[in-house]
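Novice: Provided herewith is a single structure, encoded as C-alpha cells, for subsequent inquiry.
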Amino acid sequence: MTFRMLGTTALATLGFALVLSGVAGARNEHCAGGIQYVVQAMKDKEKGNTDDYQREINKAVQQLTECSTADPNDFEAIGYLGWAYAEVDSAGPAGQAFDKAISGLKSKGDVKKADLVSNNRESFWASRFNDGIKKINDAQTIYPDFTKQPANDDEKRLRDEAAKSYNQAIVKLNQALLLKPGNPQTLRNLGSVYAFMGDFKTAETEFREGLKSAPADSGLIASLHSVRANYAGQLIDQKKYDDAINFYTDLVKTDANNPDLYLGIADAHFKRAQDAKGDAAKPDFKAAADAYAKAASLKPKDADLPFNAALSYQNAGDWASAETQWKATLALRPADADAQSALGQTLSEQSKFAEAVKVLQAGVLANPKNKTLHRQLGAVYTKMQNNAKSTEELMVFLALNNGKPVADPAGQAKAAPAGSAAAKTLASMGAPEDVIPWTVDQQKIESWFYWKKNQAFHFQSGALYGKSDWGTVAAAVPSGGKK
C-alpha cells in the first residue's frame, strides 16, 4: 500500500517580531524582570554567548511564570513567556502562553501587540514544522516504501534509519502542533507520517482532528479517504476479510461513486473465495463479481475491471453474467486472447456453439500460434459433433504443444521424399513458415505451417496424415460426426 502526502510545503522561518517596550512603573517586578531577561538572552544568543544565554532564558521562564500568577492580565509579558518557553523547547507551555497573550491583547484592542506575539509564535511553529518536513523527506529518500518488508540486511538497515527519521518528524510536528493546536497543515503532515509508516488508524485520527478546525480542507478530506481505503486494504493483506468488507461497505455509504472502494470489496471477497473450497466459494466469487462489475460501470475505460468481473462470475458458475463481462472486456481490448478464450468457453458452457466457434476462430486468426485457442476451438467442434473440424484443430494443438519448430523450415521441407505428398505440397504451396516434428501414439508426424494462409499440413514419412484449415468456419449446426 502507498500513501501520497498532500500539502507538505516547507515555510520560511519568520524573524522574531517582539520588541521590548517601555516598562511602565506599575508593571509587576517579575513581569518587568522577565522581559528584560528575554531581551538580554536573545542578545547573548546572537553574540554566541551560549552560557549566558541559557542562564538568562531559564531565568526569564522563572520570572515570567511568577509574573503570570501575580499579574495574569499582563498579556504582553505572557507573550514573552511564550517566547521564553519556546526557546527552552517547552512547546506545550509556549503554545498556551502564546494563545493566552494573543487572545488577551485582542480583547483589549491592542491589535499591533497581538500581531507581534502571533508572528513570534508563527516563527517558532515554522521552525518545528520545517524540521518535521525535512525529516519526512529524509525518510522517504532513505527507504521510499516503508510498508515494504526489507529483503536483506542492507534494506533492514535502511528501513531502520527511515524509521528514526519518521519518529523525529513526529516529534517536531507534535511540537509545532503544541505551538498552534488544531493547525490543519500540521495535522495533515503528522497524519501523513503515520500513513507512510502503515499506521493508518493513527493517521485517520490526526486527519479527523485537523478537520475539526478546517472542515472544508480538501487536502485533509482527500488524505482521510486515502488512509481509510489503505487501512481496509491492510485488513485484506492480514486476511481479515470480514472486517475489510464491512469497512469498505461503510466507506461506500459516504462515497458511493468511488470505483476503488468497490474494487476493495471485490478483492476481499475474491481472496476469501480462494481460501474456500468447491461450492462454498461460489457466493464470495459472485459477490466479488458484482463489486468488480460496479467498479467497471464507474470506470468504464478500465478493461481490467470487466475482466475480473467475468472471471469471478465464471468461478461462481454464472455463465450468462460472465458472458456479458467478457464481451465488455473485448469491447475495450479486442485483441485480448485470454478474454477471447474465456468467452469461447463461456458460450460453450451455455451450448451457444456457433457463437463460440465464431469467437474462438477470430481469436485463432489473430493469434494462430496460440495453442490454447486451437484446443478450445477443437473442443467446441467436438460438442457440435463435427469430428472432422475437431480433429483438424486437435492436430494443430498437438503439434504446437508436443513439438518444437526446426531451425531451417525451408531446408527441412526440401528434404521431403521425391514424388511424395509433402514434395507436391512444397511445389504447390511453397516453403512453410514453420516445420514442427512431433509424436502421437509412437507415430512420428511432421507438421508444415503456413501461418499467413491459415493452414497446416501434417505428414507421416512424406504421406499426408491430415490437413488443418482454421481460416474456414464449419456449419453452425451439429454435423453428426460427418462432413
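With the sequence shown counted from 1, adding 27 to any position gets you this note's numbering. Think of the CB as a built atom: it goes at the ideal place given N, C-alpha and C, for glycine as much as any other residue. Computed from a predicted structure; not experimentally measured.
Taking contact to mean 3 or more Cβ pairs, one atom from each stretch, closer than 8 Å, check whether the region 209 to 227 and the region 176 to 187 are in contact.
Specialist: Segments in contact, no.
Novice: With a floor of 4 residues, list each alpha helix (DSSP H) that falls wholly inside the region 137 to 190, ordered by position along the chain.
Specialist: 138 to 169, all fully within the region 137 to 190.
Novice: What ranges does the alpha helix (DSSP H) occupy inside the region 292 to 380, keeping only unbroken runs of at least 4 residues that lie completely in it?
Specialist: Entirely contained in the region 292 to 380, the alpha helix (DSSP H) runs reaching 4 residues are, in chain order, 309 to 325, 331 to 343, 346 to 359, 364 to 376.
Novice: With a threshold of 6 Å on Cβ separation, who are the neighbours of D311 within its own chain once the five nearest residues in sequence on each side are excluded?
Specialist: Correct list, in chain order: H296, R299, A300.
Novice: Please determine, among A230, K267, L108, G498, the residue with the shortest C-alpha to C-alpha distance to A393.
Specialist: Of the candidates A230, K267, L108, G498, the one whose C-alpha sits nearest the C-alpha of A393 is G498.
Novice: Can you list, in chain order, the residues of its chain whose CB lies under 6 Å from that of E420, leaving out five sequence neighbours each side?
Specialist: Taken in chain order, the residues that qualify are H401, L404, G405.
Novice: At a threshold of 6 Å, does A445 count as lining the ligand FMN (C-beta to nearest heavy atom)?
Specialist: Within the structure as shown, the ligand FMN is missing, as the structure has no ligands at all.
Novice: Could you check if Q388 is buried or exposed, using at least 16 other CB atoms within 10 Å of its CB as the buried criterion?
Specialist: So Q388 counts as buried.
Novice: Considering only the alpha carbon of each residue, which of D468, I463, W478, D496 lies closest to F486?
Specialist: Nearest option by C-alpha distance: I463.
Novice: What is the DSSP secondary structure of E241, counted as helix, strand or coil?
Specialist: Here residue 241 turns out to be Ala, not Glu, going by the sequence shown. Coil, per DSSP.
Novice: Given a cut-off of 7 Å on the beta-carbon distance, is the pair G131 and A121 in contact?
Specialist: Against a cut-off of 7 Å, the Cβ pair of A121 and G131 comes out as no contact.
Novice: May I ask which residues mark the beginning and end of the alpha helix (DSSP H) holding S495?
Specialist: Element bounds for S495: not the alpha helix (DSSP H) but the beta strand (DSSP E), 490 to 496.
Novice: Do the region 324 to 334 and the region 353 to 361 touch if we need at least three Cβ pairs shorter than 8 Å?
Specialist: The region 324 to 334 vs the region 353 to 361: in contact.
Novice: With a threshold of 6 Å on Cβ separation, who are the neighbours of D101 within its own chain once the five nearest residues in sequence on each side are excluded?
Specialist: Here the set comprises C58.
Novice: For L205, which option in A293, G119, K266, Q81 has the closest C-alpha, if you only look at C-alpha atoms?
Specialist: Measuring from the Cα of L205, the nearest candidate turns out to be G119.
Novice: Between which two residues does the alpha helix (DSSP H) harbouring E103 extend?
Specialist: Looking at the DSSP string, the run of the alpha helix (DSSP H) that includes E103 is 102 to 114.
Novice: From the DSSP output, in three-state form, read off K471 for me.
Specialist: In this structure, K471 counts as strand in the three-state DSSP scheme.
Novice: How is D79 classed by DSSP in three states: helix, strand or coil?
Specialist: Helix at D79.
Novice: Only counting the same chain, and skipping five residues up and downstream in sequence, which positions put a Cβ closer than 6 Å to that of W346?
Specialist: Result list for W346: T373, E376, Q377, in chain order.
Novice: Is T452 buried or exposed, if buried means 16 or more other CB atoms sit within 10 Å of its CB?
Specialist: So T452 ends up on the buried side.
Novice: If the criterion is Cβ atoms closer than 7 Å, does the pair Y275 and L290 meet it?
Specialist: Contact flag unset, no.
Novice: Would you check if there are 3 or more beta carbon pairs closer than 8 Å linking the region 167 to 186 to the region 135 to 155?
Specialist: With a cut-off of 8 Å, the region 135 to 155 and the region 167 to 186 do not count as touching, because too few Cβ pairs lie within range.
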